[in-house]
Amino acid sequence: MSFFREEFAAQWPAVRVRFGLGVRYDLVEEIKRLGCRHALILTTPEQAHLADDFAALCGDHAAGTFTRARMHTPVAISEEASAYAREVGADCLVAIGGGSTTGLGKAIALRTDLPQIVVPTTYAGSEATPILGQTNDGVKTTLTDAKVQPEVILYDAELVRSLPVSMTVTSALNAMAHAAEGLYARNRTPLTSLMSVEGLRAFRDALPQVIADPDDLRARAETLYGAWLCGTVLGQVGMALHHKLCHTLGGSFDLPHAETHAVILPHAIAYNAAGARDELRPVAELFGDDEPGMGLHRFARSVTAPTALQDLGLKESDLDRAADLAAKNPYWNPRPVERGAIRRLLQVAWAGGPPVA
Ligand code: NAD
27 MSFFREEFAA QWPAVRVRFG LGVRYDLVEE IKRLGCRHAL ILTTPEQAHL
77 ADDFAALCGD HAAGTFTRAR MHTPVAISEE ASAYAREVGA DCLVAIGGGS
127 TTGLGKAIAL RTDLPQIVVP TTYAGSEATP ILGQTNDGVK TTLTDAKVQP
177 EVILYDAELV RSLPVSMTVT SALNAMAHAA EGLYARNRTP LTSLMSVEGL
227 RAFRDALPQV IADPDDLRAR AETLYGAWLC GTVLGQVGMA LHHKLCHTLG
277 GSFDLPHAET HAVILPHAIA YNAAGARDEL RPVAELFGDD EPGMGLHRFA
327 RSVTAPTALQ DLGLKESDLD RAADLAAKNP YWNPRPVERG AIRRLLQVAW
377 AGGPPVA
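Note that my numbering has the sequence shown beginning at 27, numbered continuously upward.
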């Protein structure tokens with residue numbers, strides 16, 4: 027069955043994407059191609075050594091480094107970094123890292139309109155979206171704005187090689203969740219569905235190879251290819267139950283981002299299979315089980331992903347409140363979001379059992 031739909035609207039941002047081992051060495055060329063001369067280089071504190079490497083690579087084209095990107099993009103840091111970008115006369119941004127560093131670049135772009143080059147080192151996919159999540163006084167809000175969509179993405183597998191295996195697995199499942207939910211999004215297009223399937227296939231094939239040999243750069247590159255496809259889907263279509271549940275668990279119970287996605291994915295997909303069986307058929311086929319949630323569960327176990335919310339620090343006594351919050355603000359989902367059924371889903375996900383429909 028093709029992904030043809032009788033009605034759809036597709037709109038594509040003008041993003042330049044390059045893949046290749048060592049493509050980061052063309053950074054100055056990419057800066058000049060944007061018509062820019064002075065890049066502010068961004069990383070987390072843990073990846074500050076990369077900021078130094080990239081500043082050396084850029085030479086006179088480096089305006090400075092800012093190495094305090096943090097999870098959930100705190101507004102205070104974004105304001106400080108934006109002021110620093112102005113102070114050093116930066117005319118573009120280079121974000122090297124995962125979703126946290128990309129988030130900081132986007133937050134600065136929102137405030138300054140500077141163009142962004144992103145060099146991803148995880149599979150989160152933020153580099154391919156016009157979405158920015160920010161926190162202020164502990165409250166996380168999300169916005170979508172063309173201003174925050176990065177202009178250039180450089181995917182260099184040599185930079186993702188250092189991602190520890192446990193983070194490799196959870197980050198990959200985080201990316202796969204974008205694609206799985208993209209398949210039943212109301213505003214999906216034939217192309218986003220094609221990208222979803224190809225992104226899931228890339229992870230299905232390459233992730234086990236990366237786990238067997240984390241230095242396998244061809245397999246690493248294929249997982250980055252999956253991340254690009256899945257991230258692009260996230261940027262183009264609306265998400266549903268899976269992302270809302272993860273948002274609730276991360277925002278209200280401070281659970282870690284990628285790990286939470288990894289645990290919830292099979293359960294959310296099993297839940298939604300009842301309302302989107304045809305749309306999820308490619309997942310069932312790719313992961314070799316009539317039940318798409320069960321196929322994803324087996325895959326997650328085979329790559330030793332975390333499977334239980336209790337192992338991420340959630341208390342059993344929190345499950346009632348989590349179910350209340352997840353069912354409180356109504357949103358579109360292929361299957362109605364019923365509090366009782368969500369509570370059962372959370373119980374199973376908490377204990378780490380196989381998903382139930
Ligand atoms: P992250 O960016 O927070 O990185 C986690 C840690 O791993 C950091 O310390 C980082 O420095 C380190 N790290 C990253 N790459 C590494 C590598 N190759 N080797 C060694 N260490 C490395 O994690 P993430 O999961 O990529 O991003 C999570 C954040 O991104 C969340 O805040 C999430 O909300 C956001 N996000 C946003 C979007 C969007 O479209 N706006 C999409 C996905 C995720």
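A virtual CB, placed ideally from N, CA and C, is assigned to each residue, including glycine. As the structure is a prediction and not an experimental result, all values here were calculated from the model.
{"Query": "Whether L119 touches L60 by CB criterion (8 angstroms)", "Result": "no"}
{"Query": "Beta-carbon gap between A74 and G90 smaller than 8 angstroms", "Result": "no"}
{"Query": "Residues of its chain near E207, where Cβ-Cβ distance is below 7 angstroms and the 5 sequence neighbours each way are ignored", "Result": "M265, A266, H268, H269"}
{"Query": "For R303 and P216, the rounded distance between their alpha carbons", "Result": "17 angstroms"}
{"Query": "Near the ligand NAD: S343 beta-carbon under 7 angstroms from a heavy atom", "Result": "no"}
{"Query": "Span separating the alpha-carbon of I57 from that of L83", "Result": "12 angstroms"}
{"Query": "Local conformation of P362 per DSSP, three classes", "Result": "coil"}
{"Query": "Check: I157 C-beta below 7 angstroms from any heavy atom of the ligand NAD", "Result": "yes"}
{"Query": "N262 versus T155: straight-line alpha-carbon distance, rounded", "Result": "According to the sequence displayed, residue 262 carries Gln and not Asn. Spanning the two alpha carbons is a distance of roughly 8 angstroms."}
{"Query": "heavy atom of the ligand NAD below 7 angstroms from E285 C-beta", "Result": "no"}
{"Query": "Secondary structure, beta strand (DSSP E): runs of 3+ residues fully inside the segment 84 to 142", "Result": "88 to 92, 118 to 123"}
{"Query": "Any 3 or more C-beta pairs closer than 8 angstroms across the segment 269 to 289 and the segment 339 to 354", "Result": "yes"}
{"Query": "V382 versus H293 - alpha carbon distance", "Result": "7 angstroms"}
{"Query": "For V144, three-class secondary structure by DSSP", "Result": "strand"}
{"Query": "A203 beta carbon less than 8 angstroms from that of F229", "Result": "no"}
{"Query": "D316 versus A299: straight-line alpha-carbon distance, rounded", "Result": "10 angstroms"}
{"Query": "Reduced DSSP category for Y51 - H, G, I as helix; E, B as strand; rest coil", "Result": "helix"}
{"Query": "C-alpha distance - S192 paired with D231, whole-angstrom precision", "Result": "17 angstroms"}
{"Query": "8 angstroms Cβ cutoff met for S104 and R63", "Result": "no"}
{"Query": "Pairwise C-alpha distance: R227 and R324", "Result": "15 angstroms"}
{"Query": "Three-way DSSP call (helix, strand, coil) for G159 in this model", "Result": "strand"}
{"Query": "Presumed contact (8 angstroms Cβ cut-off) between G225 and G252, rounded CB distance", "Result": "5 angstroms"}
{"Query": "Entirely enclosed alpha helix (DSSP H) segments - the segment 182 to 245, minimum 4 residues", "Result": "191 to 208, 216 to 238"}
{"Query": "Any non-hydrogen atom of the ligand NAD within 7 angstroms of N355 CB", "Result": "no"}
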